[in-house]
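Since the structure comes first, as structure tokens, the remarks are kept for the end.
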Amino acid sequence: MSAVVTTVKLHLNRRTETFVVPLLIAGTVAIISVLIALIFWRSGSQPGSEGWIEGSQSSAGIVSGLAGFLGYLGVTAVATTFPFALTLGATRRAFVAGTLIWNKITAAYVAVILAVLNAIEIATNHWFAGFYIFDIYVLGRGDTLRLLLIVFLGVLATLTIGGVFAAAWVRFGALGPQLVAGGVILALAIVAIILVPEAVAIAAAFQLWWLAIVAVVAIVLSATGTWLLLRPAIVR
Amino acid sequence: MTDAIDIRSMSRTFGRSRALDDVTLTVPVGSICGLLGRNGAGKTTIMSILAGQDRPSSGTAKVFGENPFENESALSKISFVRDNQRYPDDYRLHHVLRIAPEFAPNWSTDVAAELVDGFRIPEKTPIKKFSRGQLSSVAIVLGLASRAPLTLLDEPYLGLDVTARALFHDVLLRDYTAHPRTVVLSTHLIEESQALFDRVVIVDRGRIRVDCDSDETSGIAFTVTGSIEAVERLSNSRTLLLSRTIGNLKSATISGIADSDFRAQARTLGATVSPTALSELVAAFGTDAREPLQTKKGAHE
Numbered sequence: 051m052s053a054v055v056t057t058v059k060l061h062l063n064r065r066t067e068t069f070v071v072p073l074l075i076a077g078t079v080a081i082i083s084v085l086i087a088l089i090f091w092r093s094g095s096q097p098g099s100e101g102w103i104e105g106s107q108s109s110a111g112i113v114s115g116l117a118g119f120l121g122y123l124g125v126t127a128v129a130t131t132f133p134f135a136l137t138l139g140a141t142r143r144a145f146v147a148g149t150l151i152w153n154k155i156t157a158a159y160v161a162v163i164l165a166v167l168n169a170i171e172i173a174t175n176h177w178f179a180g181f182y183i184f185d186i187y188v189l190g191r192g193d194t195l196r197l198l199l200i201v202f203l204g205v206l207a208t209l210t211i212g213g214v215f216a217a218a219w220v221r222f223g224a225l226g227p228q229l230v231a232g233g234v235i236l237a238l239a240i241v242a243i244i245l246v247p248e249a250v251a252i253a254a255a256f257q258l259w260w261l262a263i264v265a266v267v268a269i270v271l272s273a274t275g276t277w278l279l280l281r282p283a284i285v286r
Numbered sequence: 239m240t241d242a243i244d245i246r247s248m249s250r251t252f253g254r255s256r257a258l259d260d261v262t263l264t265v266p267v268g269s270i271c272g273l274l275g276r277n278g279a280g281k282t283t284i285m286s287i288l289a290g291q292d293r294p295s296s297g298t299a300k301v302f303g304e305n306p307f308e309n310e311s312a313l314s315k316i317s318f319v320r321d322n323q324r325y326p327d328d329y330r331l332h333h334v335l336r337i338a339p340e341f342a343p344n345w346s347t348d349v350a351a352e353l354v355d356g357f358r359i360p361e362k363t364p365i366k367k368f369s370r371g372q373l374s375s376v377a378i379v380l381g382l383a384s385r386a387p388l389t390l391l392d393e394p395y396l397g398l399d400v401t402a403r404a405l406f407h408d409v410l411l412r413d414y415t416a417h418p419r420t421v422v423l424s425t426h427l428i429e430e431s432q433a434l435f436d437r438v439v440i441v442d443r444g445r446i447r448v449d450c451d452s453d454e455t456s457g458i459a460f461t462v463t464g465s466i467e468a469v470e471r472l473s474n475s476r477t478l479l480l481s482r483t484i485g486n487l488k489s490a491t492i493s494g495i496a497d498s499d500f501r502a503q504a505r506t507l508g509a510t511v512s513p514t515a516l517s518e519l520v521a522a523f524g525t526d527a528r529e530p531l532q533t534k535k536g537a538h539e
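Chains A and B, in that order, give the protein sequences.
Residue numbers are given in the numbering used here: position 168 of the first sequence equals residue 218, and the series is strictly consecutive.
Residue numbers are given in the numbering used here: position 66 of the second sequence equals residue 304, and the series is strictly consecutive.
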């Protein structure tokens, strides 16, 4: 257990990347969103109007802004930290377990941060000017519980998927991520071939919780894949 | 005396390449062992397996009686920083100094501070922008300040200036004396570091060529120098490890001990006999124009 805890500390040692950068990205996206809203306002759109709200809430800037960084963070948490962890004396088992715990800590942190910002946004009637940055469809449209679940699972999935690609690189070099990507594309293609005839019926019956199941499956598969790839991996 | 390292019939292959070939080696607790040999001889592979970063294809490697691979207890007693060590993105010196003590139960903040100060390691520059010598300095800080019972130093001198190398020697000897441990040090700067060694292991092409106490290396080979004709007559029917010819002069490194008859014959032929320097011995065992030879003297049982 102690080796797992020290591995978590090893990841948390990158304090700026774990705790500060997500805040900076959220802040940057907020400023960009406000600037875009101002452009729309100057072009004649009215804050508070139905079209304004609909357009603002359809934006997913915060998601794309964070996803890119979190994908990078998930990759580097394995690709460059794994060799150093072994140098410090961590076992592969402790590294994989510690990385998964750190992924969960990071996901929970980002979820809480966005929930707080969302609460402030709603409490201030959207920053006193009708700006919609966090109270958007993709983050649950103001539903805090839904936002927490969406962000937690989304961040955790992004980090673990990044981790499995990095583990493939550690294990097989440049060929590794290509093999994983090829496998994922093949699996998705097979699923699509099977389900396409039922696409209309599936779309009609779609429930939001299906995405949560997909995220959980992706997290479990990625974490398992990371372990299987790193267990025999050597550092050269 | 017990063994810190016990390797038996260990081989390691990478595809068709045989990095280690039937290596058997023991290193007693509390010794400083020089692991010497050419580039690609197998030194780093041996260290990597001892540190649990790799596994042998066959045979066994034990550290303090335990297999180090995925062994938390064994790994807590080992320090090994590779010569091409990678660090997490955006790491600076303070990241290393903050996390290393978490993994090293015997970590000495004083030793780390002394080395950081003495090596003048930049604190604000990202490690990925460090020069070769600065990277070696960080590796030495990790290796010595950890005070690990088994400290594996892989080419610690790479890129270090002469002042830094002297500091490394001073701190290693002083801290080793105060806190005895087992040290395995691989290096190409043999003359500079051989005074540290109490054991010497020479590796070539994945095999152990020499494994003995450091004061026994003089009995492994000798060098005879003289005219080409004289040296060829003297080396005839002996195991020649290495020879060099310059003009009419030739020197030959010959396996074994020069007895009184040989010395008398050399004097008669106008040749001189001298002990072979350790660096010459390593060069001799690394040459390709020779059948593999294995010398084990005083190997710890």
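Where is the CB? At the ideal position from N, CA and C, for every residue including glycine.
Model, not experiment: these values are computed from the prediction.
Quiz item: For a contact meaning CB atoms closer than 8 Å, what does B:His-333 contact in chain A?
Solution: Asn-63 and Arg-64
Quiz item: Closer than 7 Å, CB to CB, is A:Ala-224 near chain B or not?
Solution: no
Quiz item: Does the segment 305–324 of chain B touch the segment 476–494 of chain B, meaning 3 or more C-beta pairs lie closer than 8 Å?
Solution: no
Quiz item: Between the segment 259–285 of chain A and chain B, which residues of the former have a C-beta closer than 7 Å to a C-beta of the latter?
Solution: Ile-284 and Val-285
Quiz item: DSSP puts B:Leu-263 in a beta bridge; with which residues?
Solution: B:Ile-245
Quiz item: Curious, which full-length alpha helix (DSSP H) runs of at least 4 residues does the segment 202–246 of chain A contain?
Solution: 225–245
Self-check item: Inter-residue Cα distance where the pair is B:Val-439 and B:Asp-348
Solution: 32 Å
Quiz item: Residues in its own chain within less than 7 Å of B:Phe-341 by CB, not counting five upstream and five downstream?
Solution: none
Quiz prompt | Backbone CA spacing between A:Trp-259 and B:Gly-303 [nearest angstrom] | solution = 53 Å
Quiz item: Is the Cβ of B:Ile-337 closer than 7 Å to any Cβ of chain A?
Solution: yes
Quiz item: Which value, in whole angstroms, describes the spacing of the CA atoms of B:Gly-494 and A:Gly-232?
Solution: 60 Å
Quiz item: Taking just the CA atoms, how far does B:Thr-298 sit from A:Thr-134?
Solution: The sequence shown places Phe at residue 134 of chain A, not Thr. Going by the C-alpha atoms only, they are around 25 Å apart.
Quiz prompt | Cβ neighbour criterion (16 or more within 10 Å) applied to B:Asp-453 | solution = exposed
Quiz item: Helix, strand or coil: how does DSSP classify B:Ser-465 here?
Solution: strand
Practice problem: Within 10 angstroms of the Cβ of B:Ile-378, are there 16 or more other Cβ atoms? Answer buried if so, exposed if not. | Solution: buried
Quiz item: Would A:Gly-139 count as contacting chain B if we go by Cβ distances under 7 Å?
Solution: yes
Quiz item: Exposed or buried, what is B:Pro-418 when buried is set at 16 or more other beta-carbons lying within 10 Å of its beta-carbon?
Solution: exposed
Quiz item: To which residues of the same chain is B:Pro-326 closer than 8 Å at the C-beta, ignoring the five residues directly before and after it?
Solution: His-333
Exercise. With DSSP collapsed to three states, give me the class of B:Val-440.
Key: The amino acid at residue 440 of chain B is misidentified as Val; the sequence shows Ile. B:Ile-440: strand per DSSP, three-state reduction.
Exercise. With a 10 Å radius around its C-beta and 16 neighbouring C-beta atoms as the bar for buried, classify B:Lys-281 as buried or exposed.
Key: buried
Exercise. Show which residues of chain A have a CB atom less than 8 Å away from the CB atom of B:Tyr-325.
Key: Thr-130 and Phe-134
Quiz item: Does the distance from the CB of B:Ala-502 to the CB of B:Val-462 come in under 7 Å?
Solution: no
Exercise. Pull up the CB-CB distance for A:Leu-164 and A:Ala-110, whole angstroms please, since I reckon it's below 8 Å.
Key: About 13 Å; that fails the 8 Å criterion.
Exercise. Check whether the Cβ atoms of B:Leu-390 and B:Val-441 sit closer than 7 Å, and answer yes or no.
Key: no
Quiz item: According to the neighbour-count rule (16 or more other Cβ atoms, all chains shown, within 10 Å of its Cβ), is B:Ser-247 buried or exposed?
Solution: exposed
Self-check item: Where B:Lys-488 falls, given that 16 or more other Cβ within 10 Å makes a residue buried
Solution: buried
Quiz prompt | 7 Å CB neighbourhood of A:His-288 in its chain, flanking five on each side removed | solution = Outside the shown range of chain A, which is 51 to 286, sits residue 288 of chain A, and nothing can be said about it.
Quiz item: What residues from chain A crowd round B:Gln-291, counting only those whose CB sits closer than 9 Å?
Solution: Pro-133, Leu-136, Thr-137, Ile-284, Val-285 and Arg-286
Practice problem: Give a yes or no on whether 7 Å exceeds the smallest Cβ distance from A:Leu-120 to chain B. | Solution: no
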